[in-house]
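This report concerns only the one structure given below.
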Amino acid sequence: KAVEEEAAKKAAAAFAAEEAAKVRPPATTALPAAATPSFSSAARPLCHSTTIPPCKIGCGQRVAPGVTKNGRPFDTCCRGCATGKEHDKLCGCIDPSKVGPGMCKMGCGRSVAT
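Right, here's the structure in full:
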């Protein structure tokens with residue numbers, strides 16, 4: 110019986126190691142030249158300046174472009190992922206060049222009143 114319990118523990122540890130290897134986030138990807146902000150004197154960047162990090166939840170998507178209402182760059186790919194639900198319809202579809210100061214926060218590229 111002790112041998113069976115030890116074998117079960119080893120199998121569980123091997124399974125956990127395999128699952129941990131599958132969940133590794135991908136390496137960060139660089140922004141295209143057109144998407145990098147042209148303003149470098151801002152106190153807090155309005156987007157991720159040089160690289161787009163992966164979602165902090167570990168789903169493998171890149172984080173959403175833009176900033177939160179407090180001015181911090183997003184750290185998740187969408188609201189659905191952040192709340193533990195399914196990804197939103199627009200998850201991964203917003204072009205970073207269409208988000209910034211004076212533009213619609215939904216990523217449509219429309220200019221808004223400032």
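In the numbering used here, the protein residues as written are 110 to 223.
For each residue, glycine too, the CB sits at the ideal point set by N, CA and C.
This one's a predicted model, so the numbers in the text were calculated from it and none came from an experiment.
{"Asked": "What residue range does the alpha helix (DSSP H) around Arg188 cover?", "Found": "Arg188 to Ala191"}
{"Asked": "Would you tell me roughly how many angstroms separate the C-alpha atoms of Ala117 and Gly211, rounded to the nearest one?", "Found": "59 angstroms"}
{"Asked": "Measure from the alpha carbon of Arg181 to the alpha carbon of each residue in Ala123, Gly209, Ala125 and Gly218, then state which is nearest.", "Found": "Gly209"}
{"Asked": "Taking 8 angstroms as the threshold (C-beta atoms), are Lys165 and Thr185 in contact?", "Found": "yes"}
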